[in-house]
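Only one structure is covered here, and it is reproduced in the block below.
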Amino acid sequence: MTAGGPREEQRVSTGIPGLDTVLCGGLRKGRMYMVLGLPGAGKTILANQICFHQAAQGHQVLYLTLLAESHTELVSNLQTLSFFDPACVPGKISYLSAFTILEQGGLEALADLVRKEIKAHKASLLVLDGLLAAEELAPSRQALKKFIHGLQVVTGLIGCTTVVLTTGGTKGLRAEHTMVDGLLVLQQRTFGVRTLRELSVRKFRGSAYKLGQHGFEITSDGLTVYPRLESMVDGNLVPGAGKRERDAFGVQGLDSMLKGGVPAGSTTILLGPPGSGKTLLGLAFLAEGARQGERGHYFAFYDAPERMLAQAAGVGMHLQPLMERGDLEVSFRPPTENILDKLGMELLTTIRSGRVRRIFLDGYEALLRSSTRKSRVARFLAALVNECRVREVTLLYTVEASSAFGPEVKFPLRGISMVAENILFLRMVELHSGLRRFIAALKVRNSAYDPALRELEMTDEGLKVGEPFAEGQMLMTGLARTRTPEPTPLPKPRRKPRASSPSSARATPSKPRRNVRKRRGS
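For what it's worth, UniProt numbering labels the leading residue of the sequence shown as 1, then goes sequentially.
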């Protein structure tokens, strides 16, 4: 804190991966926060995870439950989670059941118990689990608001941070929800047969926080929150003047077509149908970077590392030594029920690590299936592209074309200009009674390139881009045909030389043509 500057208030870390990021540093010390969610949303796990993290930091914690469930049963259920430390109970964390006190003495007896126990345990963190029971037993709404206000005054004076858990009833947000310093909402949303968990911050007094719905999951390690990628990217950063100008593919013919490669720090779409060579081209790009001393990362969704290595070895690319040296990193995630923001955090961590200069994401369809809101994927990619640009990381990702053959070329995503600077188009075409692959550069921003359609060959010695298809027409439409050769002109008839002497120049009189008419009967 500088003299004359704003006072920097002490923060209380939640210990929940991603949550402190959403809260821009954690909870504010001595403030009251409410966690709202239906049964099963994860409120109890979230609160206990904060408790054990604070206990590990040497702080005293008081967990007061107003539920019919005994605290012994509660602790028993927590023992399956990795953050549970039996050494903290009851030394650092004290569990008390106040359900009977509330039922017999009402809110006043509960308030007296809270004040007494906080002072007795010298607690710096209080969790009040089950506010709904207090709401149901309160004689009036005004009495409940008075109880919450009194609790805020007591905990605020002694600097005890308070977390209140409630279902919120069935009437949405109420007046008492507006009295607290922060409101966190946990939800479970169902999309078809799939259910996702989301966290949002409705209010957070005195501090900035990340807006929007942030996905989270509950595992044996507890809660993990994945902040929305669009909220994580700093749009004020601008790309620096990098030392690298071009990033080559290392594919004969392709780099010359691109005048040395794609611009460093740019994003390239490899657009093509299955089997057109997108994955192999991306792997060649990473392999060439490793040969140039630039570490690459392969985000795979379809091919496990063993299968990927075998596939690459079939065209002369031996990637195993690169992986063993650490020049090539490989991450594999089956394309099942992924969480889009979880993928985004993994990508963002890799980009910001500073150790990777090239990333190959294979492919766009896996991101699309991970998102419950299809329209969001374009904004997700735009944020990712911007982050790569300012960090000077060159990104390639594959997009599967909607058709392998046909007169139209459709882009599966909208707003393509904001999610890629370069587009390489790959396709298979039937020519001379066989399938052949070709590649063309549809777009390379701010750079010269050869727009000709060239054949992409896969050999045992590697990939190769050949000469332009001089013998083919209409290749882009998928209705290829060979060029019709121009007809050879007939030779002109040779004229007889004119006679040079008077004797030879004398014209031979021609016989007069007889006009003989055949008479009838003759």
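We put the CB at the ideal spot given by N, CA and C, even for glycine.
Subject >> Continuous alpha helix (DSSP H) assignments of at least 4 residues falling wholly in the region 300 to 363 >> reply: Contiguous alpha helix (DSSP H) elements confined to the region 300 to 363 occur at 305 to 313, 320 to 325 and 340 to 352, taking only those with 4 or more residues.
Subject >> Anticipated Cβ contact below 8 Å, PHE360 with LEU286, distance rounded >> reply: So it is a contact: roughly 5 Å between Cβ atoms.
**OP:** Assign VAL127 to buried or exposed, taking buried as 16 or more other Cβ atoms, counted over all protein chains shown, within 10 Å of its Cβ.
**Re:** buried
Subject >> Identity of the residue in ALA123, SER207 and GLY18 nearest LEU157 by Cα >> reply: ALA123
Original post:
In the region 48 to 79, which residue ranges form an unbroken beta strand (DSSP E) of at least 3 residues, counting only runs that do not cross its ends?
Top reply: 61 to 65
Subject >> Three-state secondary structure assigned by DSSP to THR170 >> reply: Only weak support exists for where THR170 lies, its pLDDT of 46 falling under 50; the value from the coordinates is given anyway. Note: THR170 maps to coil in three-state DSSP.
Original post:
If we ignore side chains and look at the alpha-carbon of each, how far apart do LEU396 and ILE269 end up?
Top reply: 6 Å
**OP:** Give the straight-line distance between the Cα atoms of ALA47 and THR350, rounded to the nearest whole angstrom.
**Re:** 30 Å
**OP:** Give the DSSP-derived three-state secondary structure of SER97 in the structure shown.
**Re:** In the three-state reduction of the DSSP assignment, SER97 falls in the strand class, which pools E and B.
Subject >> Residue from ILE339, MET179, THR155 and GLY326 whose Cα sits closest to the Cα of LEU229 >> reply: ILE339
Original post:
Where does ILE16 sit, in a helix, a strand or coil, going by DSSP?
Top reply: coil
**OP:** From the DSSP output, read off the bridge partner residues of ARG454.
**Re:** ILE439 and PRO468
Original post:
Smallest Cα separation from LEU102: which of PRO90, LEU144 and CYS88?
Top reply: Nearest to LEU102 by C-alpha distance, out of PRO90, LEU144 and CYS88, is LEU144.
**OP:** For LYS43, name the three-state secondary structure that DSSP assigns.
**Re:** helix
Original post:
Quick one: is ALA312 buried, meaning 16 or more other Cβ sit within 10 Å of its Cβ, or exposed?
Top reply: buried
**OP:** Drop a sphere of 10 angstroms on the beta-carbon of CYS24, count the other beta-carbons inside from all chains shown, and report buried for 16 or more, exposed for fewer.
**Re:** exposed
Original post:
Grouping DSSP H, G and I as helix and E and B as strand, with all else coil, what is THR372?
Top reply: DSSP, read as helix, strand or coil, puts THR372 in coil.
Original post:
Going by C-alpha distance, which of GLN60, GLY105, ILE16 and ASP247 is nearest GLY91?
Top reply: Out of GLN60, GLY105, ILE16 and ASP247, GLN60 has the C-alpha closest to the C-alpha of GLY91.
Subject >> Close-in-space but distant-in-sequence residues of the same chain around ARG445 (CB under 6 Å, 5 per side omitted) >> reply: GLU421
Subject >> 8 Å CB neighbourhood of LEU137 in its chain, flanking five on each side removed >> reply: So the list reads LEU102, GLU103, GLY106 and LEU107, once near-sequence residues are dropped.
Subject >> Continuous alpha helix (DSSP H) assignments of at least 4 residues falling wholly in the region 233 to 300 >> reply: 254 to 257 and 278 to 291
Original post:
So, helix, strand or coil for LYS145, using DSSP?
Top reply: helix
Original post:
First and last residue of the alpha helix (DSSP H) that includes ARG31?
Top reply: Taken as a continuous stretch (DSSP letters only), ARG31 belongs to no alpha helix (DSSP H), as it is neither H nor E.
Subject >> C-alpha distance - ILE118 paired with ALA300, whole-angstrom precision >> reply: Distance between the alpha carbons of ILE118 and ALA300: 51 Å.
Original post:
Candidates VAL377, LEU223, LEU453 and TYR63: which alpha carbon is nearest SER97's?
Top reply: TYR63
Original post:
To the nearest angstrom, how far is it from the Cα of LEU66 to the Cα of ASP129?
Top reply: 6 Å
**OP:** Decide if MET418 is buried, meaning its Cβ has at least 16 other Cβ atoms within 10 Å, or exposed.
**Re:** exposed
**OP:** Please confirm whether ARG355 and VAL393 have their CB atoms less than 8 Å apart.
**Re:** no
**OP:** Give me the Cα-Cα distance between ASP20 and SER402, rounded to the nearest whole angstrom.
**Re:** 41 Å
Original post:
In the DSSP assignment, what residue or residues form a beta bridge with HIS177?
Top reply: Answer is none; HIS177 lacks a bridge partner.
Subject >> Exposed unless 16 or more other CB atoms sit within 10 angstroms - verdict on ALA120 >> reply: exposed
**OP:** Alpha carbon to alpha carbon, how far is SER200 from MET232? Give it in angstroms, no decimals.
**Re:** 15 Å
Subject >> Nonlocal neighbours in the same chain, by C-beta distance under 7 Å from LYS443, ignoring five residues either side >> reply: Within the same chain, Cβ atoms closer than 7 Å to the Cβ of LYS443 are found at ASN422 and ILE423, the five residues on either side in sequence being excluded.
Subject >> Under 8 Å between C-beta atoms of ALA134 and PHE99 >> reply: no
Original post:
Closest by CA to GLU73, which one among GLY58, GLN292, THR44 and HIS53?
Top reply: Across the set GLY58, GLN292, THR44 and HIS53, the C-alpha of THR44 shows the shortest separation from the C-alpha of GLU73.
Original post:
Closest by CA to LEU456, which one among ALA448, PHE425, LYS116 and ARG295?
Top reply: PHE425
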